[in-house]
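Novice:
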Amino acid sequence: MLAIYRRELQAFFGTLVGFGITGAFVVVMMLLSLMLDPLGGGGDWFKRGELSMRTFFGVFPWVAAVVLPAVAMRLWAEDRRQATFEMLMTLPIPTWKVALGKYGAALTFLLFMLAATCVYPIMLAQWGKPDWGPVVGGYVACFVLGAGFIAVGMFVSGLTDNQALAFFVALLMCLGIVGVGELRGLLGDLARTNPDAALTHLVTIPVFMLGLLAAAVGRDRILGAAVSVLAVVVNGGVYLMAQPDPKQLAEKAKVSGETVIAALGQISVLEHFKEIGRGVLTTNSLIFFASYVVLFVTLNVMSLESRRYS
Amino acid sequence: MVNRSRNYTLFFYLCAALVTCTLVLVNYLAMEYRARVDLTADHRYTLSEGTRKIFDKLLDPIQVTYYVNAELPPARVNLERDVVDKLSELAGAAGRDAAGNPKFSYTVERIERAQFASKLEELKKYDITPTTDVQSSGGDDSSVATDASQFFSSVLVRHGTGKEVAINGIMNLVAKEDDARPNRVDTLEFDIMFALMRMRSQVQKSGLKQMLKSLTQPLLVAGLVSEQMPRANPKLGKALFDALDQLEAMGIGNVKVGKQKIEWGKKIVNEFGMPSYFTPTTEPTVDPNEPPDPKPPSEPPKPGEPPRTPPPKVKREGPNFYYAYVRFMLGEERWIDIQDFSGETTAEACLKKIEDRLWDMLKPNTTLGLITPANSMDFDPRGGPPQSSYAPLANHIRVNLGYDTRVIDLRAREKIPADLALLIVFEPQSLSERELYEVDRYLNQGGNVALLYQGWSARFQVMRADVQDIPLQRNASSDAFTKWAEHMGLSFGENFLVHRSGYRLNTFQNSRRGAVQQPVEMPVAVNVGADDVDRTSVFSRGLSGWPLPFASEVKIDDKRVEALKLQRQDIIRLSGEVYNYAPEAERFASIYRGLGFDSPEVAKRINKLDHAPLMASLLTGLFPSYWEGKTIPKFEGAPDNDSDVGGQPAPAVKTRPGKLVVCGCAASLNSDYFPTWREKDIQPLLNTSVSFYRNLAEAFIYGDELVSLRAKTGAPPRIAGGVKSSDKVTWFLLCIGGVPLALAAVGFLRGIYRNKAREEYLMSLKEPGASHE
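Protein chains in written order, with the numbering used here: chain Y, 1 to 310; chain D, 311 to 1083.
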């Protein structure tokens, strides 16, 4: 496993690509958080005058959702392209060790990327006495979220030998994972007018996404596409046909709205990210991110194993 | 034949489902049994020790209702969640009582847009009001308001039999401006706990008879009723007079009622013929008396005609105003008026209203004692009695904080009352030895004293246009005060402190159009900044932005404080760039009106401090008497045969823990600096200025229970002072370009190294006899 880890690390740092990705990541993060502040209404960091990295951690999930799939896309797809995949699979070590070796190297690269932003905390210390708790918490949040994204990217990379496709699908999945919490407002509003449709959306949107994933990289693409289409049909049908009784609407809307908001709140990555990012480490948030990693690394190992039998 | 592929696919799906179910279960358990570590410096996301102690001792449950609009502005989309998170944290920490009932429960009431108006009316009785949120776009310099919305975000706290307390306008920290909001999500814990304390300390209202019985001086009541009464309530005048009669009967000699009936259609005017203070209520009126019987028909009905009915009685229409006015006076200082009786139709209803308002006047109230310097008495330009420059502050405390204030004239041998929440001594350095003795005794016996030192002052009187200097005056310290302060380990800076971005006062200059305001370019008041106070302390709530004119540094001798076994807690310490302003020649000390901070003339007089000067500190503990073993000083100018004590050995006093607050400035709302200022100009200074006194009074009234609560927190630390453009550009370049450049350099060097290694390897291959394993 250590040999695999070293080999992957060599692949990251052996060429200019690793440094290039890190440099681009730092430039984008610093531009967004120091000069543009897209989430806080604009204005540069000095004008805002806050001795915190609130904006940096605010934009990280969105930037990471784009950059980290690019890091992870080559983990398996590159081996497939270079025809070293079969060799790896026939090595006398279990697949999970190979996967963990690759995953560990990607995590080390993530750490390197985060370490490259250390000039920001140095600047904070230069201009006053910041509260280091949220800064440490923010970096922990960035690491665990990034670990989740890399796991997703590695899983998708294991499904295809096309790096561009792996990147695109992983990008969509990561953006979906970040954005799921943002659906709260949308579905909450829908729950007030059409409660049944809101609950149906809650179930069918993930089915639609999974179908899309299967259609893109799965073996039975027609089935995947059919599942997605079915999800859209069910969604549209319920939305158009559900006519809530005006007398029961208020009560129904309340129940349905609360269910939607509570469910999306629990699975929202951003909520857990913000919780850690404000400087509060909670076991449930850490376990939540660990679950993402365990789920996608396991799926990755199992999908690779399945190739032995195909 | 076994289809291994199909079997594995089945195995894959089963395993995936199993892993997913296990992870869902683990996450569920992690939510139920969660542990947390708060990494923030002040543990702002963890309940304070004070809150936990209150919950432990709680007998009656706390019920909280959160009123919030169902549809919030986009920027506030997480507001409800944030508040609910905090409430659920409080509910979790409160736990359950012996019977298993939750000690803290909360409900969320979402208000739909259609219900807004009706809810507004309904919740008025709880003092719940909606808040206005202005959304803006652009940076700090170009911030433009784009939208404003009004919505509910209020918490109503219920506990025991106390009156509910509403906390309005609760906001989450979304924009920089939110830091300045009085009620925020991050301060909710403090606000709810403090509301609870206030509810617990509410004095139960006593009955009217009991209230009147406990009066220590007669209650004078004046009732004014006009002949005409409102159409909707024509019997009001009679009902009100009946109520006053009943009140007099209940008072058994303690109540003296005077009643005056105002003639039909007349208005009360003062001696100059102008409308009086007693303003009438505007409403259509009628004569409340029964109209006379209409005249019977002049001729009897003829035979066969139906009997003639008399015409109906018609009440006489009155003017469009009436008086139903009562004034209650207790001594010369306390009085209240009741003018609105429009909803009361019976004597009982009027009496109930009177009872409620009387309770407002008679209930026990927090009293702050004020000792003002002898030389600050000034004549009221409107012809009133002479008053101290600090008199407006006393008025602001009364009006804004609802506290009673009492000026204690020690020179007139008035004693310091024992029931004061706080004794505020303005310019203590001017106190005579005997006055200081009285203050010292009060402190020894467990009193709470705030000493507000004012080393320098200036007169901002109307000046001639050609006079450029504002004369400064040193407020000399008496020997007695200097020695007493030394005994306590206190001393004060010689000069006064200034900030580059401090507060600028205005002076007045004669012109053809009268006196016009002219700003003084030199900032003569330091501003208390957010970083100058401990944000978690109850003593520093709302002090950010407090201007302190001509403030002196407070110096505390730690060794002396330790020797006296006192505890010290600093309240304000000025950080950033602070300068000493040293008047060049004290004989002609002045400030140049037209010269700014960077002018060469001013630069000669200021020097930057190399430390953060202390502005206010709190000492607590058993204060030993300075006069122990000495003789009691006599009043100044008192003859030798004065019967008052003086010259005898000071009696031993049983010391109790007292509290002494020392501040290097007294003039925050001194009227000398605001001549002819309009109320709206003073208003921005008012909140921070009275906050200081409120914080002290509340902390002393509620004691350790309040002090151990964490106060207002949440605002992140900010950059102190200004930032030069060159520094800004350097850091931006370093952050945005520095790291990528360094990475490029490392990558480039690594590439060279790898190429070199590769070449060496290839060369080694070409060497004869080399082994290539």
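Cβ coordinates follow ideal geometry from the N, Cα and C atoms, glycine included.
In this text the structure is predicted, and so the values were computed from the model without any measurement.
1) Which same chain residues end up closer than 6 Å to Y:Phe12 when comparing Cβ atoms and leaving out the 5 residues on each side of it in sequence?
2) How about D:Thr998 and D:Gly855: are their beta carbons less than 9 Å apart?
3) Quick one: residues in its chain with C-beta nearer than 8 Å to the C-beta of D:Leu1006, no 5 flanking neighbours on either side, listed in chain order?
4) Going straight from the alpha carbon of D:Ser686 to that of D:Leu919, what length do you get?
5) For D:Asp841, collect the residues of the same chain with a Cβ closer than 8 Å to its Cβ; drop the 5 residues on either side in sequence, then sort them by chain order.
6) Sort D:Val393, D:Leu530, D:Gly533, D:Gln520 by Cα distance to D:Glu499 and report the nearest one.
7) Would you identify the three-state DSSP class for D:Glu432, choosing helix, strand or coil?
8) What residue from D:Asn1065, D:Gly1047, D:Asp1014, D:Gly1057 has the CA that sits closest to D:Thr361's CA?
9) Is any beta-carbon of chain D found at less than 9 Å from that of Y:Ser291?
10) Closest to D:Glu872 by C-alpha separation, out of D:Ala1054, D:Arg1004, D:Met798, would be which residue?
11) Can you have a look at Y:Ile222 and say buried or exposed, based on whether 16 or more other CB atoms are within 10 angstroms of its CB?
12) Counting only runs of 4+ residues fully inside the stretch 23-104 of chain Y, write out the alpha helix (DSSP H) ranges in chain order.
13) Please list the partners that D:Thr1084 has in chain Y, where partner means a Cβ-to-Cβ separation under 8 Å.
14) Y:Asn162 versus chain D: which residues are under 8 Å apart at the beta carbon?
15) Compute the Euclidean distance between the alpha carbons of Y:Leu91 and Y:Leu111, then round it to the nearest angstrom.
16) Taking only three categories from DSSP, how would you classify D:Tyr713?
17) Please confirm whether Y:Arg7 has its beta-carbon closer than 9 Å to some beta-carbon of chain D.
18) Using a beta-carbon distance below 9 Å, is D:Asp348 in contact with chain Y?
19) Over what stretch of residues does the alpha helix (DSSP H) that includes D:Asp395 continue unbroken?
20) Locate the alpha helix (DSSP H) running through Y:Ala166, then write down its first and last residues.
21) What does D:Ile1062 pair with, by DSSP beta-bridge criteria?
22) Which residue from D:Lys519, D:Ala960, D:Pro727 puts its Cα closest to that of D:Ile562?
23) Three Cβ pairs or more, each shorter than 8 Å: is that satisfied between the stretch 459-471 of chain D and the stretch 374-384 of chain D?
24) Where Y:Ala62 and D:Asn493 are concerned, what is the direct C-alpha to C-alpha distance, given to the nearest angstrom?
25) Within the 9 Å Cβ cut-off, does Y:Phe13 reach chain D?
26) Name the residue from Y:Ala70, Y:Asn162, Y:Ala24 whose alpha carbon lies nearest to the alpha carbon of D:Pro1050.
27) Taking Cβ positions only, does D:Gly402 come closer than 9 Å to chain Y?
28) Go ahead and label D:His921 buried or exposed: buried means 16 or more other beta carbons lie within 10 angstroms of its beta carbon, across all protein chains shown.
29) I want to verify the contact list: residues of chain Y whose CB lies under 7 Å from the CB of D:Pro1027, in sequence order.
30) Using the three-state DSSP reduction, which class does D:Ala327 fall into: helix, strand or coil?
31) What is the DSSP secondary structure of Y:Trp132, counted as helix, strand or coil?
32) With distances taken from CA atoms, which of D:Lys571, D:Leu995, D:Asp496, D:Asn675 is nearest D:Gln512?
33) Within a Cβ cutoff of 7 Å, which residues of the same chain sit near D:Thr941, ignoring the five residues on either side of it in sequence?
34) Using the C-alpha atoms, what's the distance from D:Gly641 back to D:Met521?
35) Excluding the 5 residues preceding and the 5 following D:Val1000 in the sequence, name in chain order all residues of the same chain whose CB lies nearer than 7 Å to its CB.
36) Of the residues that make up the stretch 81-93 of chain Y, which ones have a beta carbon closer than 8 Å to any beta carbon in chain D?
Specialist: Well, looking at it:
1) Around Y:Phe12: Gly18, Phe109.
2) Between D:Thr998 and D:Gly855, the CB-CB gap stays under 9 Å.
3) Only Leu732, Asn758, Ala760, Phe849, Val971 meet the Cβ criterion.
4) A caution first: D:Ser686 carries a pLDDT of 49, below 50, which makes its placement in the model unreliable, though a value can still be read off. Their Cα atoms are separated by approximately 31 Å.
5) Only Ser885, Gly886, Pro1027, Arg1028, Ala1030 meet the Cβ criterion.
6) The residue with the shortest Cα to Cα distance from D:Glu499 is D:Val393.
7) Residue state, collapsed to three classes: helix.
8) A check of alpha carbon separations from D:Thr361 across D:Asn1065, D:Gly1047, D:Asp1014, D:Gly1057 identifies D:Asp1014 as the nearest.
9) Yes, Y:Ser291 counts as interfacial toward chain D.
10) Of D:Ala1054, D:Arg1004, D:Met798, the smallest CA-CA separation from D:Glu872 is found for D:Met798.
11) In summary, Y:Ile222 is exposed, with fewer than 16 beta-carbon neighbours lying within 10 Å of its beta-carbon over all protein chains present.
12) List check, alpha helix (DSSP H) in window: 45-48, 54-72, 74-81, 85-90.
13) What the structure shows of chain D is the stretch from 311 to 1083, and residue 1084 of chain D is not part of that stretch, so it cannot be assessed.
14) Correct list: empty, because the minimum Cβ distance to chain D is about 22 Å.
15) Cα to Cα, Y:Leu91 sits roughly 29 Å from Y:Leu111.
16) Here D:Tyr713 sits in coil by DSSP.
17) Not closer than 9 Å to any Cβ of chain D, the Cβ of Y:Arg7 fails to qualify, so no.
18) For D:Asp348, the answer is yes, since a Cβ of chain Y falls inside 9 Å of its Cβ.
19) Where D:Asp395 is concerned, the enclosing alpha helix (DSSP H) starts and stops at 389-404.
20) 163-179 is the span of the alpha helix (DSSP H), which, as asked, contains Y:Ala166.
21) In DSSP, D:Ile1062 forms no bridge with anything.
22) When only C-alpha atoms are compared, the closest one is D:Lys519.
23) Look at the beta carbons and you see the stretch 459-471 of chain D touching the stretch 374-384 of chain D: at least three pairs across the two are nearer than 8 Å.
24) Reading off the sequence, residue 62 of chain Y comes out as Trp, not Ala. Straight-line Cα distance between these residues: approximately 31 Å.
25) Closer than 9 Å to some Cβ of chain D, the Cβ of Y:Phe13 qualifies, so yes.
26) Residue nearest to D:Pro1050 within the set Y:Ala70, Y:Asn162, Y:Ala24 is Y:Ala24 (criterion: CA-CA distance).
27) Cβ-Cβ to chain Y under 9 Å: no for D:Gly402.
28) For D:His921, the number of other beta carbons within 10 angstroms of its own is below 16, and it is reported as exposed.
29) Neighbours of D:Pro1027 in chain Y, taken as residues whose beta carbon is under 7 Å from its own, are Leu51, Gly128, Lys129, Pro130, Asp131 in chain order.
30) Helix at D:Ala327.
31) Reduced to three states, the DSSP call for Y:Trp132 is helix.
32) It is D:Asn675 whose Cα lies nearest to the Cα of D:Gln512.
33) The residues are Gly957, Gln958, Pro959, Ala960.
34) Annotation: D:Met521 to D:Gly641 spans about 16 Å, alpha carbon to alpha carbon.
35) Sequence-distant partners of D:Val1000 (beyond 5 residues in either direction) whose C-beta falls short of 7 Å from its own C-beta, in its chain, are His706, Ile707, Asn710, Leu711.
36) Along the stretch 81-93 of chain Y, there is no position whose C-beta sits under 8 Å from a C-beta of chain D.
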